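Novice: Protein chains in written order, with the working numbering: chain A, 3 to 246; chain B, 17 to 279.
Note that the Cβ used here is the ideal one computed from N, Cα and C, for glycine as well.
Everything numeric in this text was worked out from a predicted model, so none of it was measured.
Sharing a structure, written as structure tokens. Questions coming.
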């Protein structure tokens, strides 16, 4: 599935959270969305999920406009994970996966839950209440929920935030493996530059609601004459000038 | 509407209740306390009031019916608030479900949640106070239906408020039913109200339900027209509630509040 964002803007009161952004994510590609806090990443993801109505512009998923096409049909092939969005704490991991599996109309749900439990090492705590899990475990459960419907489009908002390096690496490796086995288009919003360099085919840099640069990590690094993406990010964020 | 999705949404609340003994106790505890409280008040009035002298338990029956309305409305609100409290709101609203399916699941689950508390309480009133709400007979089902629809409507309006104003609207959720209680004429006839308030009160289904309940218990006759009117008014409010809920949802999409609800 491809995603095309055309002249997308969102204005809250008189302030633009996102201003006239354009980009395309090709089929089976991973794009990293980078930018400082408040630059419009979450608003952009919210619009792509249909949670926020754009002020202007279009989101086109596989030639279907999300604003005019039946929203639920598009949502059934998409999913989303974020450490800031949780699953009901009083329900067990299995119960949560059962509910979301049913909501996404997953066939052979028990089999799918078993697969995810195996792949993401959930077996030891599958019957435990989600609220009783550690952040690392919760994160894997959240990822399992986001993969329950084998999405063709996966939106990940800081998927490894607040994880220790070991679990963070585990999640990144899993996303890489999953992508190699399944056709999935991924949009990854992150503050972890190494993660973006490792997982993403290309990168979009946002600042104050606008896209200020885009390309592969290498291209962006070279363009700004820095050694790595982190230094490039800092240069862009601290600079007053905007790159065309 | 797809029933398997409604079932899944209901299942979430069934799991929530069945996983927690304190929640089950909480559901039964308050209606039972109400029965005890109003049972003793009812007994006192029965012994000391001419108006109630020939009908034992009229107040207790009113208390049971009002509690049903209260439970339906509060259940609806709590189930919606649970999604905000657990920060599950975004997950739910990005799942491929329609608003109508969400409303249907809350409406269905609210009645079961309410009956878990109410049935033991209503049964308890029979041996303890010699009062049976079932004495109303078949019209009881119609009266409960009217209260159920109106309770759901209040729930819809409060949840619309939560969508519009965010979790800070939670306090209104708890107080919502008390705003209408004085005009509902639950424990007293409508004639007690000043004339101007009587006109307003008659625009609520509650007056028709509780007036008819008293009519059945005091006179032993059933005015089906009054019951019909109460259901009709409840349905009209329900349609209004659904419209407001949809408007609040679309407004929340414009304001972008759906994505950070509960944070």
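Quick check on the burial criterion: 16 or more other C-beta atoms within 10 angstroms. Buried or exposed for residue 15 of chain A?
Specialist: The residue given as residue 15 of chain A occupies position 13 in the first chain. Residue 15 of chain A is exposed by the Cβ-count criterion.
Novice: Taking any Cβ of chain B, which residues in the stretch 25 to 40 of chain A have a Cβ under 9 Å from it, in chain order?
Specialist: none
Novice: Using DSSP bridges, identify the partner residues of residue 60 of chain A.
Specialist: Your numbering for residue 60 of chain A matches position 58 in the first chain. In DSSP, residue 60 of chain A forms a bridge with A/8.
Novice: What residues match up with residue 216 of chain A in a beta bridge as DSSP calls it?
Specialist: Here residue 216 of chain A corresponds to residue number 214 of the first chain, with the count starting at 1. DSSP lists A/206 as partners of residue 216 of chain A.
Novice: If we cut at 9 Å on Cβ distances, does residue 52 of chain A have a partner in chain B?
Specialist: On the first chain, residue 52 of chain A is found 50 positions in, with the first residue counted as 1. It does; some Cβ of chain B falls within 9 Å.
Novice: Identify, in the order they occur along the chain, each residue of the same chain with its Cβ nearer than 7 Å to the Cβ of residue 37 of chain A, setting aside the five sequence neighbours on each side.
Specialist: Here residue 37 of chain A corresponds to residue number 35 of the first chain, with the count starting at 1. The residues are 43, 207, 208 and 209.
Novice: Hey, residue 96 of chain A and residue 61 of chain A: beta-carbon distance below 9 Å or not?
Specialist: The residue labelled residue 96 of chain A in the question sits at position 94 within the first chain. The residue labelled residue 61 of chain A in the question sits at position 59 within the first chain. Taking 9 Å as the Cβ cut-off, residue 96 of chain A and residue 61 of chain A do not qualify as a contacting pair.
Novice: Closest to residue 93 of chain A by C-alpha separation, out of B/206, B/98 and B/115, would be which residue?
Specialist: Start at 1 with the first residue of the first chain, and residue 93 of chain A comes out as number 91. With distances taken between Cα atoms, residue 93 of chain A lies closest to B/98.
Novice: Which residues, taken in chain order from the stretch 239 to 269 of chain B, show a beta carbon closer than 9 Å to some beta carbon of chain A?
Specialist: Cβ contacts with chain A: 266, 268 and 269.
Novice: In terms of residues, what are the limits of the alpha helix (DSSP H) holding residue 169 of chain B?
Specialist: As a working note, residue 169 of chain B is residue 153 in the second chain. For residue 169 of chain B, the uninterrupted alpha helix (DSSP H) run begins and ends at 155 to 181, by DSSP.
Novice: Using a Cβ cut-off of 9 Å (strictly closer), state whether residue 24 of chain B contacts chain C.
Specialist: Any reference to chain C falls outside this structure, whose protein chains are A and B.
Novice: Would you call residue 241 of chain A buried or exposed, if buried means 16 or more other Cβ atoms sit within 10 Å of its Cβ?
Specialist: Locating residue 241 of chain A in the first chain gives position 239, where the first residue counts as 1. That one is exposed.
Novice: What first and last residue would you give for the beta strand (DSSP E) that runs through residue 77 of chain B?
Specialist: Mapped onto the second chain, residue 77 of chain B falls at position 61. Membership of residue 77 of chain B in any beta strand (DSSP E) is not indicated; the residue belongs instead to the alpha helix (DSSP H) covering 74 to 101.
Novice: Classify residue 24 of chain A as buried or exposed, calling it buried when 16 or more other Cβ atoms lie within 10 Å of its own Cβ.
Specialist: As a first step, residue 24 of chain A is located in the first chain; it is residue number 22 there, counting from the start. Burial call: exposed.
Novice: Please check if any C-beta of chain B sits within less than 9 Å of the C-beta of residue 95 of chain A.
Specialist: Residue mapping note: residue 95 of chain A aligns to position 93 of the first chain, counting from 1. Answer no: the Cβ-Cβ gap between residue 95 of chain A and chain B never drops below 9 Å.
Novice: Which residues in chain B sit within 8 Å of residue 74 of chain A, going by Cβ to Cβ distance?
Specialist: As a working note, residue 74 of chain A is residue 72 in the first chain. Correct list: 112, 113 and 114.
Novice: Establish whether the CB of residue 98 of chain B and some CB of chain A are separated by less than 9 Å.
Specialist: Walking along the second chain from the start, residue 98 of chain B turns up at place 82. Taking Cβ atoms only, chain A reaches closer than 9 Å to residue 98 of chain B, which makes this a yes.
Novice: For residue 142 of chain B, name the three-state secondary structure that DSSP assigns.
Specialist: Within the second chain, residue 142 of chain B is the residue found at index 126, counting from 1. If DSSP states are grouped into helix, strand and coil, residue 142 of chain B belongs with the helices.
Novice: Excluding the 5 residues preceding and the 5 following residue 29 of chain B in the sequence, name in chain order all residues of the same chain whose CB lies nearer than 6 Å to its CB.
Specialist: Looking up residue 29 of chain B in the second chain gives position 13. 95 and 125.
Novice: Keeping to the same chain, check which residues put their C-beta closer than 6 Å to that of residue 85 of chain B; ignore five residues upstream and five downstream.
Specialist: Along the second chain, read from residue 1 onward, the residue named residue 85 of chain B stands at position 69. The answer, listed in chain order, is 163 and 167.
Novice: Run down chain A in chain order and give the residues with a C-beta less than 7 Å from the C-beta of residue 31 of chain B.
Specialist: Indexing the second chain from 1 puts residue 31 of chain B at position 15. Chain A residues near residue 31 of chain B: 93 and 97.
Novice: Looking only at its chain, what residues have a beta carbon closer than 6 Å to the beta carbon of residue 148 of chain B, apart from the 5 residues adjacent to it on each side?
Specialist: Translated into the one-based positions of the second chain, residue 148 of chain B becomes position 132. Cβ within range, chain order: 142.
Novice: Applying a beta-carbon distance threshold of less than 7 Å, which residues of chain B neighbour residue 55 of chain A?
Specialist: Position 53 of the first chain, counting from 1, holds the residue named residue 55 of chain A. Neighbours of residue 55 of chain A on chain B, chain order: 269 and 270.
Novice: Just the C-alpha distance for residue 168 of chain A and residue 146 of chain A, rounded to the nearest angstrom, thanks.
Specialist: To locate residue 168 of chain A, count along the first chain from 1; it is residue 166. To locate residue 146 of chain A, count along the first chain from 1; it is residue 144. Cα-Cα distance, rounded: 18 Å.
Novice: Hey, does residue 87 of chain A have any beta-carbon neighbour from chain B nearer than 9 Å?
Specialist: Locating residue 87 of chain A in the first chain gives position 85, counting from the first residue. True, the Cβ-Cβ gap to chain B drops below 9 Å.
Novice: Taking C-beta to C-beta, are residue 202 of chain B and residue 81 of chain B nearer than 9 Å?
Specialist: Counting from 1 along the second chain, the entry for residue 202 of chain B is found at position 186. Counting from 1 along the second chain, the entry for residue 81 of chain B is found at position 65. Result yes, Cβ atoms of residue 202 of chain B and residue 81 of chain B sit closer than 9 Å.
Novice: Taking 8 Å as the threshold, find out whether the stretch 205 to 213 of chain B comes into contact with the stretch 115 to 124 of chain B through three or more Cβ pairs.
Specialist: Contact fails: fewer than three Cβ-Cβ distances are below 8 Å.
Novice: Could you list which residues in chain A have their beta carbon closer than 9 Å to that of residue 94 of chain B, in chain order?
Specialist: Locating residue 94 of chain B in the second chain gives position 78, counting from the first residue. Those within 9 Å of residue 94 of chain B in chain A number zero; the least Cβ separation is about 13 Å.
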